[in-house]
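Note that the protein sequences, when read in sequence, are chains A and B. Just so you know, we're using my numbering here: the first sequence kicks off at 433 and counts up by one. Just so you know, we're using my numbering here: the second sequence kicks off at 433 and counts up by one. Here the structure comes first, spelled out in structure tokens, and everything after it is commentary.
There are 2 protein chains.
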Amino acid sequence: MKKIAVILSGCGVFDGSEIHEATLSLYAIAKEGASYEVFAPDRKQHHVINHITGKEMNETRNVLVESARIARGKITDLKRFDPDDFDGLLLPGGFGAAKNLSSWAFDGPGASVLPEVENAIKGMVAQKKPVGALCIAPVILAKLFGQVTLTIGDDPNTAKAVESLGATHVRTTHGEVAVDKVLKTVTTPCYMLNATIDQIAEGAENVVRKMLELMD
Amino acid sequence: MKKIAVILSGCGVFDGSEIHEATLSLYAIAKEGASYEVFAPDRKQHHVINHITGKEMNETRNVLVESARIARGKITDLKRFDPDDFDGLLLPGGFGAAKNLSSWAFDGPGASVLPEVENAIKGMVAQKKPVGALCIAPVILAKLFGQVTLTIGDDPNTAKAVESLGATHVRTTHGEVAVDKVLKTVTTPCYMLNATIDQIAEGAENVVRKMLELMD
């Protein structure tokens, strides 16, 4: 049975992992006959957002602890991730990918990426194992590799920003994936488009299927 | 297009809505061609649980605000729910149903149910509109109606507790539903069993399908 590691970045679209993308990624993995294990960085969230008002709350939360809500408690500090143990790696989206895993939301192409995120992704790519990324998470691939073919949907500003790093942006719509055959990365826009939840399921499933193909 | 209201109880299995059940319920509704609107009570959570350690955290969170994470911000105070506006009502599980929507986790058959939860469910039943409940949420139906046919899976203690209220418990396994044809309630065990995420999707889908049938 193929085993896919999933990196979460909190619990909620505006300050962590987008919950539908995360859940439907886990579902897609199980549905396609693979198994998953969930990881997240053991670090303070950049901030906490009230998801009704969009305003910052005067609280601090931990990315690993909040991600555990999506993982039902079964989660491991990303620092302990070993690429030898997995056949693939998947990053759902949500602002957490751009606020907690990297600083893209604030610094754009000048963003930094958490070292444990960089190590996990580069470790898989070095072993020629596929890495999937949904929604805004593909910007991390652009930041780490420069030359990579990816999609973040159809937003011209984000497309321009990843291209400034050397990436080739493929304009896509719901459920479509962009594959980089050299790096074995698979990306899809999800909620970077104005999507419905069944379109998110389709995108996650297409990414997981393509990742499994690339493992053969 | 049929419209189903979904009542959430927070965000995370141990102190709120079970995230997979909630997300896969929304997905099932969309997949079956219906639409959804999300509600939650505007009240303080009973407590906040660290989902890694299982221990209580020294924090307070609001059920409506945390549920908004699953609803991507589009959520309404349950007090504003009007049964005239919907064709069906669905309650995903998680301890939130037994800690925030009712006090079942602490008081068992002697539990109280939030008035806005009671009003929403009884309002739908009075209009002969179907009500679905996943996981532990069916205990609320037992508490409100006494005589109701339902399932919470195969846990003998919970089965005995709902039967003490007059309910008829149907022992079920993954994905199976119990239907009360008089009240038009539809229940399935989900994570009351030791389930995988694809079994949760199956349970949610079967409940939604049966609810749609009961609307005809």
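Quick reminder that beta carbons are idealized off the backbone N, C-alpha and C, glycines included.
- In this structure, DSSP gives Glu488(A) an extended state, which the three-state scheme calls strand.
- Separation of Ile481(A) and Pro473(B) (C-alpha to C-alpha, rounded to the nearest whole angstrom) is 19 angstroms.
- Between His601(A) and Glu634(A), the CB-CB gap reaches or exceeds 8 angstroms.
- Annotation: Asp587(B) has no Cβ neighbours in chain A at a cutoff of 9 angstroms; minimum Cβ distance is about 18 angstroms.
- Interface criterion met: the Cβ of Gly505(A) is under 8 angstroms from a Cβ in chain B.
- At a cut-off of 3 residues, the continuous stretches assigned as beta strand (DSSP E) that sit fully inside the segment 447 to 511 of chain B are 467 to 472.
- The beta-carbon distance between Phe527(B) and His483(B), rounded to whole angstroms, is 11 angstroms. This is too long to meet the 8 angstroms contact definition.
- Between Gln477(B) and Glu453(B), the C-beta spacing is not below 8 angstroms.
- For Leu440(B), no alpha helix (DSSP H) run applies, since DSSP gives it neither H nor E.
- In this structure, Glu464(A) is the residue among Tyr459(A), Glu464(A), Thr455(A) with its C-alpha nearest to the C-alpha of Arg641(A).
- Taking a beta-carbon distance threshold of 8 angstroms, His483(A) counts as an interface residue toward chain B.
- Of all residues in the segment 450 to 464 of chain A, only Glu450, Ile451, His452, Ala454, Thr455, Leu456, Leu458, Tyr459, Ile461, Ala462, Lys463 place a beta-carbon less than 9 angstroms from a beta-carbon of chain B.
- Selection Cys443(A), Phe471(A), Glu645(A) evaluated against Arg493(A) yields Cys443(A) as nearest (Cα-Cα).
- Taking the beta carbon of Thr605(B) as reference, no residue of chain A falls within 8 angstroms; the closest one sits roughly 17 angstroms away.
- In this model, Lys435(B) and Pro547(B) are separated by some 23 angstroms (Cα to Cα).
- Within the segment 556 to 617 of chain B, the runs of alpha helix (DSSP H) at least 4 residues long that lie entirely inside it are, in chain order, 570 to 577, 588 to 595.
- For Leu625(A), there is no enclosing beta strand (DSSP E), as DSSP marks it with neither H nor E.
- Under the DSSP definition of a beta bridge, Leu521(A) partners with Ala437(A), Val563(A).
- Under the 8 angstroms Cβ criterion, the segment 584 to 592 of chain A does not count as touching the segment 547 to 559 of chain A, having fewer than three qualifying pairs.
- CA-to-CA, the gap between Glu550(A) and Asp516(B) works out to about 52 angstroms.
- Just measuring C-alpha positions, the residue of Ile451(A), Ile568(A), Leu615(A) sitting nearest Pro621(A) is Ile568(A).
- Annotation: the continuous alpha helix (DSSP H) that includes Ala530(A) extends over 528 to 531.
- Any Cβ of chain B closer than 8 angstroms to the Cβ of Ile629(A) would place that residue at the interface, and such an atom is present.
- The continuous alpha helix (DSSP H) containing Ala537(B) extends over residues 536 to 539.
- When beta bridges are read from the DSSP output, Val545(B) appears opposite Ser534(B).
- Look at the segment 559 to 571 of chain B: it has no residue with a C-beta under 9 angstroms from a C-beta of chain A.
- The Cβ-Cβ distance between Gly578(B) and Ala599(B) falls below 8 angstroms.
- Exposed is the label assigned to Gly486(A), since fewer than 16 other Cβ atoms lie within 10 Å of its Cβ.
- Nearest CB-CB separation between Arg501(B) and chain A: below the 8 angstroms threshold.
- Taking C-beta atoms under 8 angstroms as the contact rule, Ala460(A) and Glu608(A) fail to qualify, at a distance of about 15 angstroms.
- Cβ-Cβ separation between Pro524(B) and Leu597(B): approximately 22 angstroms, too far for a contact (criterion under 8 angstroms).
- In the structure shown, the three-state DSSP call for Asp516(A) is helix.
- Of all residues in the segment 622 to 646 of chain A, those with a C-beta nearer than 7 angstroms to a C-beta of chain B are Thr628, Ile629, Asp630, Ala633, reading in chain order.
- Interface flag for Val480(A) against chain B is unset, since no Cβ pair is found closer than 8 angstroms.
- The distance from the Cβ of Ala574(A) to that of Leu582(A) is about 6 angstroms, consistent with a contact at the 8 angstroms cut-off.
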